[in-house]
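S.K.:
4 protein chains.
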Amino acid sequence: MSRIKLGMVGGGNDAFIGAVHRIASRIDDRFELVAGALSSTPEKSQASGEALGLPRIYDDFKQMAQREARRKDGIDAVSIVTPNHVHYSAAREFLKRGIHVICDKPLTSTLADAKKLVKAAEDSDALFILTHNYTGYPMVRQAREMIANGDIGAIRVVQVEYPQDWLTVEQDFKQAEWRTDPARSGAGGSTGDIGTHAFNLACFVTGLEVESLAADLTAFVPGRQVDDNGHVMLRFEGGAKGMLWCSQVAPGNENALRIRVYGDKGGLEWAQEDPNYLWHTPFGEPKRLITRNGAGAGEAAARVSRIPPGHPEGYLEGFANIYTESADAIMAVKAGQGVPAEVLYPTVHDGLKGVQFVSACVKSSARNATWVKLDH
Amino acid sequence: MSRIKLGMVGGGNDAFIGAVHRIASRIDDRFELVAGALSSTPEKSQASGEALGLPRIYDDFKQMAQREARRKDGIDAVSIVTPNHVHYSAAREFLKRGIHVICDKPLTSTLADAKKLVKAAEDSDALFILTHNYTGYPMVRQAREMIANGDIGAIRVVQVEYPQDWLTVEQDFKQAEWRTDPARSGAGGSTGDIGTHAFNLACFVTGLEVESLAADLTAFVPGRQVDDNGHVMLRFEGGAKGMLWCSQVAPGNENALRIRVYGDKGGLEWAQEDPNYLWHTPFGEPKRLITRNGAGAGEAAARVSRIPPGHPEGYLEGFANIYTESADAIMAVKAGQGVPAEVLYPTVHDGLKGVQFVSACVKSSARNATWVKLDH
Amino acid sequence: MSRIKLGMVGGGNDAFIGAVHRIASRIDDRFELVAGALSSTPEKSQASGEALGLPRIYDDFKQMAQREARRKDGIDAVSIVTPNHVHYSAAREFLKRGIHVICDKPLTSTLADAKKLVKAAEDSDALFILTHNYTGYPMVRQAREMIANGDIGAIRVVQVEYPQDWLTVEQDFKQAEWRTDPARSGAGGSTGDIGTHAFNLACFVTGLEVESLAADLTAFVPGRQVDDNGHVMLRFEGGAKGMLWCSQVAPGNENALRIRVYGDKGGLEWAQEDPNYLWHTPFGEPKRLITRNGAGAGEAAARVSRIPPGHPEGYLEGFANIYTESADAIMAVKAGQGVPAEVLYPTVHDGLKGVQFVSACVKSSARNATWVKLDH
Amino acid sequence: MSRIKLGMVGGGNDAFIGAVHRIASRIDDRFELVAGALSSTPEKSQASGEALGLPRIYDDFKQMAQREARRKDGIDAVSIVTPNHVHYSAAREFLKRGIHVICDKPLTSTLADAKKLVKAAEDSDALFILTHNYTGYPMVRQAREMIANGDIGAIRVVQVEYPQDWLTVEQDFKQAEWRTDPARSGAGGSTGDIGTHAFNLACFVTGLEVESLAADLTAFVPGRQVDDNGHVMLRFEGGAKGMLWCSQVAPGNENALRIRVYGDKGGLEWAQEDPNYLWHTPFGEPKRLITRNGAGAGEAAARVSRIPPGHPEGYLEGFANIYTESADAIMAVKAGQGVPAEVLYPTVHDGLKGVQFVSACVKSSARNATWVKLDH
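Residue numbers (my numbering), protein chains in the order written: chain A, 1 to 376; chain B, 1 to 376; chain C, 1 to 376; chain D, 1 to 376.
1. For residue 304/A versus residue 324/A, is the C-beta distance shorter than 9 Å?
2. Could you tell me which chain B residues have their CB closer than 9 Å to the CB of residue 365/A, listed as they occur along the chain?
3. Give me the Cα-Cα distance between residue 283/A and residue 157/A, rounded to the nearest whole angstrom.
4. Should residue 193/C be counted as a contact of the ligand FMN given a C-beta to heavy atom distance under 8 Å?
5. Find out if the Cβ-Cβ distance for the pair residue 37/D, residue 25/D is shorter than 9 Å.
6. Using only the alpha-carbon positions, how far apart do residue 210/D and residue 178/D sit?
7. With H, G and I counted as helix, E and B as strand and the rest as coil, what does DSSP make of residue 111/D?
8. At 8 Å on the CB atoms, spell out the chain C contacts of residue 16/B, in chain order.
9. Against residue 214/C, what residues of chain D qualify as contacts under a CB-to-CB distance less than 8 Å, listed in chain order?
10. If you follow the alpha helix (DSSP H) that residue 330/C is in, where does it begin and where does it stop?
11. Answer yes if the segment 287-294 of chain B comes into contact with the segment 221-233 of chain B, meaning at least three C-beta pairs across the two stretches below 8 Å, and no otherwise.
12. Please report the residue range of the beta strand (DSSP E) in which residue 5/B lies.
13. Are the Cβ atoms of residue 145/A and residue 298/A separated by less than 9 Å?
14. Which residue wins for smallest C-alpha separation from residue 264/D, given the options 269/C, 260/C, 263/C and 252/C?
15. Taking any Cβ of chain D, which residues in the segment 239-255 of chain C have a Cβ under 7 Å from it, in chain order?
16. For residue 207/A, which residues of its own chain have a beta-carbon under 8 Å away from its beta-carbon, when the five flanking residues on both sides are left out?
17. Taking the beta carbon of residue 238/B as the centre, do at least 16 other beta carbons fall within 10 Å, making it buried, or is it exposed?
18. Would residue 58/A pass as a contact of residue 67/A if the rule is Cβ separation under 9 Å?
19. Do the segment 267-280 of chain C and the segment 256-276 of chain A meet, that is, are 3 or more Cβ pairs less than 8 Å apart?
20. So what does DSSP say about residue 265/A, is it helix, strand or coil?
21. Under a Cβ-count criterion, where at least 16 other Cβ atoms within 10 Å of its own Cβ denotes burial, should residue 197/D be classed as buried or exposed?
22. Buried or exposed for residue 225/C, please, with buried defined as at least 16 other CB atoms from any protein chain shown within 10 angstroms of its CB.
23. Exposed or buried, which one is residue 367/A when buried takes at least 16 other CB atoms within 10 Å?
24. Which same chain residues end up closer than 7 Å to residue 61/B when comparing Cβ atoms and leaving out the 5 residues on each side of it in sequence?
25. Does the beta-carbon distance from residue 135/C to residue 330/C come in below 9 Å?
26. Where does residue 309/D sit, in a helix, a strand or coil, going by DSSP?
27. Roughly how many angstroms separate the alpha carbons of residue 2/C and residue 222/D, rounded to a whole number?
28. Excluding sequence positions up to five away, which residues of its chain have a Cβ less than 8 Å from the Cβ of residue 55/B?
29. Going by CA-CA distance only, name the one from 32/D, 168/D, 31/D and 106/D that's closest to residue 219/D.
30. Apply the 10 Å Cβ neighbour rule to residue 192/A and answer buried if 16 or more other Cβ atoms are within range, or exposed otherwise.
31. Taking the alpha helix (DSSP H) that residue 216/C falls in, what are its first and last residues?
32. Taking Cβ-Cβ distances shorter than 8 Å, what residues in chain A pair up with residue 7/D?
33. Rounded to whole angstroms, what is the Cα-Cα separation between residue 39/D and residue 82/D?
34. Leaving out five residues on either side along the sequence, give the residues of the same chain with a beta carbon under 7 Å from the beta carbon of residue 125/D.
35. Determine the direct distance from the alpha carbon of residue 356/D to that of residue 216/C, and round the result to whole angstroms.
36. How is residue 50/B classed by DSSP in three states: helix, strand or coil?
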């Protein structure tokens, strides 16, 4: 099977998420990184590209899109891993040239951009994949499959949370800096950076849509311009209720995304920091520990799992699953076929919902936590 | 040291909480149960009293209050463990005769009753102790002490939850029956039965007062007249924010009261089902496991702990601590002294706040989760 | 039901285990402590007895046995909670007068004494109960019942361990002092103090007898006269194999008794510090968490459990179960009936096996860990 | 940085460990797999090589070694991932041609082969790296560094265990088949397959050498020719003692390698299934949770860690670290320099010790668990 030729926008030296995307793209050997515009200036792009030994290094994403589109051996797909405010303009250049886009989340920094990006994706023959990477974890897939199968009955309550602690104090390094600048990050702070993951996870696992929300957002660190803590109540279509908590000021929480779903027949619990475990309680029976590739795990998890139970897969493998799903989808499109039903990845529409989530949180909070519809 | 003579109202055969109170009163050998009106009819009271071998058995609480008050060797204190709607009328009889009252929570089934009970307690020389038993756990005391000492700095976020699963389906046994009847339980279902514990714990541990709340209550089980799930956002005086979740329809949760408190210098986490552990993270340092009577535990926990670390104390010992604190307070009063500062127990005022919490939740939820002040 | 009149030998001020026995005897209201010879000198006995408000205080156990035996309202039973080397001589005085004995473990400090005590118990009409208290935990009973029911099939492997850390350094307080003195503790240090618990637990849970063992004992702390760490390999009758580790020099372990049993159909795991949980894996199925009084727990556990699941019972309740079983047995004997089959407590024969275990460990270790039969 | 050209021997279709090696070699982009003799027959080798899209496919390892050695662009290194009995003959072919060898564990199936392989490696200019992959986990490195720094003082007790359950019943698939055939696996069953990992881990983490051992090995499954459970007591040079348990018949254990080390100043605990955590207890202080790349983690762990704390790395990343260390070492050798001191990988001498461990276990067990020196 020949590898898909991949370019990258953003992700230069010291960018955590760029390195993650590169490793994720390599793990299953389906991509080959051949081109990049890795930084915001030509000089930095050149330096970062050379450090990675990239065959083709460009000054900026526009130049890359133009030239790669013209090459016979040009890239099939591009990963966009810049700060949020660049996502739309970069993605547009590739989509309009038929180059598939794999884009970091949240989709965009503004709702206006998000809607334009949806249109750009719809107008393009190319695929758009958003790396809500937590949907790639096998036991998240397992939870989704079990809920779809009715294993916990009709869903009543969804508790999702994503606390971190790295912004407990003022930080001045690069990762912190753009994430707390509304011009680059968007109006949401923790809500945009991690709340969108929690929101997406809740919808992905349950198969439910959020109808409206009431949010109380706070910037606890003095001088911070965006929220660093979000308390959100959720109402799902169909009557389920939920709570979502995201925080970057909760000491003792590194990256503690966690979801609990309760239905009228049982409950499920999953935590990102211990991702190989899924707890399932059929009501009235003992709690069961389902493990990745272990007894009780089904097809949906096995599809995206590499090694036996007890051999932990982690964040990078979950992220790699999004890339491998992307590869399957891209190869299907290349072959003129539809994307197979079992191939799952977050779409531009999921991305739009995430930006709508941030927007609704900000609006609700500004109105003293009144309920706001998601598609307000 | 001579034992305090104790009576009991309610707690007849099959009443879970009555047996708990009796064990709790015995553990530290400070009380002797000598009288009771254990059930709602004279016949049942007689039968239950005989089964326990009680020296003096009464038809009802009023008879007991009158006669015990006249005896030279009459009871010093009474435990009231009836359904909620009886608390006020029973307590009043004893308070007005100078008999100390140890009363189960929530304080009353209505806010009106709660206010009358506060007055009755204030008008009496007798003590009124409310068994918010979770405040008796040593590691809860430890958390409170650490927060008071500033170990986690200024508090920003309080996440408290109390999920159970026993009411996931319609239940017809006695415990379930009165708890889901608003006439006996009060307007709150899960909010009254367990939400008040969570609310009380949050205030006890942090030393903060809740200023207002926004609640979305739901009765998920068809036909249920009171909430079985409560989603509540909290705003504390001074600016801290919180979330409170109580549920009796969350399969896999037996009695999963849990609190997490985050300040600008660190975080604390405690879970009732594993009560001998307190997790403490000073920001920027590794998480630490403080154990009951183990390294890192302080005076406040040691005061209410009996055995060495690694020898788990449980629910009954935590409950017993409320009784032992009561005994210390009663003995101090008997000796004509003030209650020592280190003796801690929930008061009638804490009880009023709990009923205000339920009332505010019900009101807020009826108004589509708008903010309601606690002392509305 | 009238309470059993209880005396106590040992357990004066500052003796941890005496207080434990007293609380344990009170929890279920089956005993009343009325007499004591609580310390090794008449003066100390008097002081300790007065501090507890004991009705009858004696100079020593012999005086107590003689005088109580003569009283009409004399004690029915006595708790012996002295250092090990006193167990035999004290127990003998009561047994020969028909007073039931509840004795702390290990049975005696020497094998010779153990054999004499077995004879004394056999010659007496009174019962002899040894407080291997860990057999009182509900989930230990649950494990035993499941194994007896064949739930994990034929047993192959038993891993039992009991690490502590309190003797990591030289200690000079009372608890440490006599436990590290072979004249009072016996030839085994950690093997006698805690290894016997682990050994007893393994036998109790599995229903198997140890045929022989190979032990490598060490005194790591300079100057210590008895082992503070024991590594033991076990061979059970019938072919199962096991390992037993006991240590008092393992920092980070408070009282970490833990047992794991594996059969040809499944496995069970239990840990004393989290005693309300039992993990059960039927081979080829997900691991299940059985909780005290929760789904999946059976009759044997329910018999010795007081409160609902999620309300943790602890060390004192487990210890109390031994007392309550003793009360049931004593009442049956008083009524001229046999002890009911479901009433379980460790006997003098279990105690003998424990001393044989220590003796075999010491002998094996002295012979460079060659195999020694238990009844050598 | 140009990639190292890699060949592979073994690891054809359906071979779990071959796929693991390939992913591990890719994660950090330091290797490029260009040649293979992936199976035991030319036909299967061809098919497996084509399935992977390998540029150069050989009939057998000898052919591959000869032809690659002659090519200018021939492989720099080879991964040997065959059953154990082939390791020596395959490795020899590459070593004598100066091609670096990365070999799966255990080193060989016999002690004689192991000694010959040591000689072959010593006679070669090429490097020999053994994939005791668990030494690649960051928190294992952290533990090693802390012990070397004296953080837990002088080591007294080492408890290491490696239980699995997949061989609880007779299995007939390929992975099980050769592992239970002494001709291919070696005289040890569980001792060779996983006991060697546990043994290696204990030595790596503590920096200690095992002086002698006493082993009781059992084949519990009827008809099995090699041990499926090993109970081993260890004596380390310098006086520390240990226990090692390996089992493949312990239901509920997937791949539960775990090590606990206790010194006179503290303790450390690590478990492979939750590899991002290291528990550290300084004696007399609360237990601390050190996390990969989190607070309290040092340089040795950071060197081999890719992503922030809370983003779990797993088995494949730990395995990849052995490959990346190999790459660093190979590049240093290519550059005519010595291997940097911080670059750590298991050597042929570690491999010899592992085979000596198996041999000593088998010999000791045959002699009724008498002590056998490691270099017997």
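Glycine included, every Cβ here is placed at the ideal spot set by N, Cα and C.
M.R.: Short version:
1. Here residue 304/A corresponds to residue number 304 of the first sequence, with the count starting at 1. Here residue 324/A corresponds to residue number 324 of the first sequence, with the count starting at 1. Yes, the pair counts as a contact, with Cβ atoms nearer than the cut-off.
2. By one-based count along the first sequence, residue 365/A stands at place 365. In chain order: nothing, as chain B lies at least about 11 Å away.
3. On the first sequence, residue 283/A is found 283 positions in, with the first residue counted as 1. On the first sequence, residue 157/A is found 157 positions in, with the first residue counted as 1. Cα to Cα, residue 283/A sits roughly 14 Å from residue 157/A.
4. What this structure holds is no ligand at all, so the ligand FMN is not there to describe.
5. Looking up residue 37/D in the fourth sequence gives position 37. Looking up residue 25/D in the fourth sequence gives position 25. Not in contact: residue 37/D and residue 25/D (Cβ atoms no closer than 9 Å).
6. Start at 1 with the first residue of the fourth sequence, and residue 210/D comes out as number 210. Start at 1 with the first residue of the fourth sequence, and residue 178/D comes out as number 178. About 28 Å.
7. Mapped onto the fourth sequence, residue 111/D falls at position 111. Helix.
8. The residue given as residue 16/B occupies position 16 in the second sequence. Here the neighbours are 307 and 308.
9. Counted from its first residue, the third sequence places residue 214/C at position 214. Chain D residues near residue 214/C: 214, 216, 233 and 369.
10. Locating residue 330/C in the third sequence gives position 330, counting from the first residue. Start and end: 315-334.
11. no
12. Locating residue 5/B in the second sequence gives position 5, counting from the first residue. Per DSSP, residue 5/B belongs to the beta strand (DSSP E) from 4-9.
13. As a working note, residue 145/A is residue 145 in the first sequence. As a working note, residue 298/A is residue 298 in the first sequence. Yes, the pair counts as a contact, with Cβ atoms nearer than the cut-off.
14. The count along the fourth sequence starts at 1 and reaches residue 264/D at position 264. Residue 252/C is the option with its Cα nearest to residue 264/D.
15. 241, 243, 245, 247, 249, 250, 251 and 252
16. Counting from one through the first sequence, the residue named residue 207/A turns up at place 207. The answer, listed in chain order, is 144, 147 and 148.
17. Against the second sequence, residue 238/B aligns to sequence position 238. Classification of residue 238/B: exposed, given that the 10 Å Cβ count is below 16.
18. Walking along the first sequence from the start, residue 58/A turns up at place 58. Walking along the first sequence from the start, residue 67/A turns up at place 67. Yes, the Cβ-Cβ distance between residue 58/A and residue 67/A is below 9 Å.
19. no
20. Locating residue 265/A in the first sequence gives position 265, where the first residue counts as 1. DSSP places residue 265/A in coil when its eight states are reduced to three.
21. Here residue 197/D refers to the residue found at position 197 of the fourth sequence. Residue 197/D is buried by the Cβ-count criterion.
22. Numbered from its first residue, the third sequence carries residue 225/C at position 225. Per the 10 Å Cβ criterion, exposed.
23. Counting from 1 along the first sequence, the entry for residue 367/A is found at position 367. Exposed, because fewer than 16 other Cβ atoms sit within 10 Å of the Cβ of residue 367/A.
24. By 1-based counting over the second sequence, the position of residue 61/B is 61. Answer for residue 61/B: 9, 37, 90 and 93, listed in chain order.
25. Counting from one through the third sequence, the residue named residue 135/C turns up at place 135. Counting from one through the third sequence, the residue named residue 330/C turns up at place 330. Cβ distance not < 9 Å, so residue 135/C and residue 330/C don't count as in contact.
26. In the fourth sequence, residue 309/D corresponds to position 309, counting from 1. Note: residue 309/D maps to coil in three-state DSSP.
27. Locating residue 2/C in the third sequence gives position 2, where the first residue counts as 1. Locating residue 222/D in the fourth sequence gives position 222, where the first residue counts as 1. Computed Cα separation, rounded: 57 Å.
28. As a working mapping, residue 55/B is identified with position 55 in the second sequence. The answer, listed in chain order, is 34 and 35.
29. Counted from its first residue, the fourth sequence places residue 219/D at position 219. Taking only the C-alpha atoms, the option nearest residue 219/D is 168/D.
30. One-based indexing of the first sequence puts residue 192/A at position 192. With 16 or more Cβ atoms within 10 Å of its Cβ, residue 192/A is classed as buried.
31. Counting from one through the third sequence, the residue named residue 216/C turns up at place 216. First-last for residue 216/C: 210-218, but that is the beta strand (DSSP E), not the alpha helix (DSSP H).
32. For this step, residue 7/D is matched to residue 7 along the fourth sequence. Correct list: empty, because the minimum Cβ distance to chain A is about 16 Å.
33. Numbered from its first residue, the fourth sequence carries residue 39/D at position 39. Numbered from its first residue, the fourth sequence carries residue 82/D at position 82. Taking the straight line joining both Cα atoms gives about 8 Å.
34. Counting from 1 along the fourth sequence, the entry for residue 125/D is found at position 125. Result list for residue 125/D: 98, in chain order.
35. Within the third sequence, numbered from 1, the residue matching residue 216/C stands at position 216. Within the fourth sequence, numbered from 1, the residue matching residue 356/D stands at position 356. Rounded to whole angstroms, residue 216/C to residue 356/D spans 22 Å at the Cα level.
36. Sequence index remark: in the second sequence, residue 50/B carries index 50 (1-based). In this structure, residue 50/B counts as helix in the three-state DSSP scheme.
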